[in-house]
Every structure is written in C-alpha cells, then in structure tokens.
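Take a look at the structure set out below.
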Amino acid sequence: GMYCCGITAYDTCHLGHARAAVVFDVVYRYLERAGFDVTYVRNYTDVDDKIINRSKEEGRSCTEISEQYIKEYEEDMSALGVKAPGITPKATEHIPEMIATVEKLIERGMAYEVDGDVYFSVRKFPGYGKLSRKKIEDLESGARVEVDERKRDPLDFALWKAAKPGEPEWDSPWGKGRPGWHIECSAMSSRYLGQPFDIHGGGRDLVFPHHENEIAQAEGAEGRQFARYWLHNG
1 GMYCCGITAY DTCHLGHARA AVVFDVVYRY LERAGFDVTY VRNYTDVDDK
51 IINRSKEEGR SCTEISEQYI KEYEEDMSAL GVKAPGITPK ATEHIPEMIA
101 TVEKLIERGM AYEVDGDVYF SVRKFPGYGK LSRKKIEDLE SGARVEVDER
151 KRDPLDFALW KAAKPGEPEW DSPWGKGRPG WHIECSAMSS RYLGQPFDIH
201 GGGRDLVFPH HENEIAQAEG AEGRQFARYW LHNG
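Under the UniProt record's numbering, the sequence shown is numbered contiguously, ending at residue 234.
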C-alpha cells in the first residue's frame with residue numbers, strides 16, 4: 001500500500017504539484033512492473049482554511065471551489081500522462097473516521113478538548129520529531145509568536161476546530177465543527193491501507209509539521225507503527 005498527500009483544492013495546480021504526481025507515478029509504475037500488487041491512495045483536501053478563504057473571496061461554496069480545482073487537477077494530470085491512483089478519497093467524505101481517531105486520542109490521554117476545539121498534546125507522544133529529526137526543545141525556543149491561550153502547550157496542534165459562522169461544519173461529540181488538516185491524512189490512509197502500511201509519500205515541504213503530526217496522531221491512537229517507509233520529493 002502507498003499513500004501520498006494530494007492537493008488542497010483551492011487554486012490551479014502548479015509545477016510543484018505536477019512534480020509530486022509524476023515522481024510518485026514513476027514509483028507506482030516501477031512497483032507494479034516489479035510484480036507488486038499496489039494499492040495507491042492519493043487524497044484530496046477539500047475542507048481547509050485556504051478553501052474557506054477562497055470561498056469567502058469569491059462568494060461561492062467550498063464544495064464549488066474544491067470540485068472546480070479537483071477537476072482541473074485531474075485534467076492536468078491526464079495531460080501529463082500520470083496514471084490515476086486506484087483510490088482518491090476526499091476529506092469531507094471521511095469525517096466519521098476522523099472523529100473516531102480523535103476520540104481514541106482523547107481516551108488515550110493524547111488529546112484534550114477546550115470549548116469545542118480539540119488539540120493534540122505533543123509532549124504526550126514520546127516519539128515526536130523522529131521523522132523530521134527535530135527536538136522538542138528546539139521547537140519550543142522557536143514557538144510561534146501568537147500563542148493560543150487555550151492550548152496547554154504552544155506546540156499542541158488542532159485535531160478538531162469548533163464551528164465558526166460561514167464555515168463548513170459537521171456534528172461531533174464536541175459540538176459542530178470541522179477537522180484539522182493533519183487528522184485528515186491519518187484517518188484516510190489508515191481507512192484504506194490499515195496500519196502499518198508500506199509507503200507514505202509527499203512533498204519535502206510536508207515533512208514538518210504535516211507528516212510529523214500524522215505519525216503522532218496515528219501511532220498515538222493505535223499504539224503501533226504508522227508507515228514503514230517515507231518518500232519525499234523536493
């Protein structure tokens with residue numbers, strides 16, 4: 001099984017998106033040629049701050065925005081000769097899986113809820129930083145200037161965001177809201193490939209914090225390895 005982080009569908013794709021798609025298309029084709037039965041999953045992020053901002057700018061729904069750019073992306077990839085992955089899940093179609101993962105993290109003491117927001121407690125996960133080779137002490141010294149007072153620690157990150165007017169929302173045990181970006185990929189990869197799966201790929205810019213946070217969430221929830229191998233294009 002191979003999972004790659006796909007686009008956030010809020011704008012026309014650029015050369016970086018194309019490069020990632022071509023790189024992992026080559027890996028996909030090579031593995032198939034070598035005789036492996038490959039389940040290739042590449043997601044679409046269709047709920048995110050960037051999509052919401054574009055929706056407000058243009059006066060169109062998030063669904064309209066994301067569907068437009070997903071269609072454009074698929075046309076571009078087809079023109080490049082990129083083979084479509086076997087599974088292309090959308091984040092908005094997997095909210096129940098995300099909620100279930102967040103619930104597990106709360107049960108295991110890895111996450112906490114504050115006024116409808118849920119945060120991952122970075123210090124509760126001993127292996128945090130193992131992919132990016134970053135140390136918590138170094139991250140702490142460079143912590144963001146804008147500190148959210150509701151967080152127990154500046155390094156903690158959002159798993160679930162409480163609903164705000166004019167934003168997409170879903171029912172959850174913590175009230176209406178929407179998922180954080182990182183939880184989307186943890187939930188969708190595990191849904192289709194189980195845990196652990198073989199290869200997780202994506203752009204080098206995603207190593208930290210996105211992929212580091214994916215590992216923390218998935219391994220924190222399940223208590224076992226998330227992905228066996230990591231590949232990044234840059």
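Note that the Cβ used here is the ideal one computed from N, Cα and C, for glycine as well.
Asked, Found
"Secondary structure of Lys-90, DSSP reduced to three states", "strand"
"Rounded C-alpha distance that separates Cys-5 from Met-77", "15 Å"
"8 Å Cβ cutoff met for Ile-87 and Ile-65", "no"
"Spatial neighbours of Ala-187 in its chain, beta-carbon cut-off 7 Å, leaving aside the 5 residues before and after", "His-94, Glu-97, Met-98, Thr-101"
"Proximity of Val-207 and His-232 at Cβ, strictly below 8 Å", "yes"
"Alpha carbon of Ala-227 to alpha carbon of Glu-214, nearest angstrom", "10 Å"
"Within 8 Å, strictly: CB atoms of Glu-184 and Ala-91", "yes"
"Close beta carbons around Pro-168, own chain, < 7 Å, minus the five adjacent residues each side", "Val-47, Cys-62, Arg-178"
"Environment of Gln-217 [buried if 16+ CB atoms lie within 10 Å]", "buried"
"Supposed close pair Ser-132, Asp-153 - CB separation, criterion 8 Å", "With a Cβ gap of about 18 Å, Ser-132 and Asp-153 do not count as contacting."
"Within 8 Å, strictly: CB atoms of Pro-173 and Glu-103", "yes"
"Alpha-carbon spacing of Val-196 relative to Arg-224, whole angstroms", "In the sequence on display, residue 196 carries Pro and not Val. Spanning the two alpha carbons is a distance of roughly 7 Å."
"Rounded distance between the beta-carbons of Tyr-128 and Lys-159, thought under 8 Å", "Strictly speaking, residue 159 in this sequence is Leu, with Lys absent from that position. Contact flag wrong, Cβ pair sits at about 15 Å."
"Glu-75, buried or exposed, once every other Cβ within 10 Å from all chains shown has been counted against 16", "exposed"
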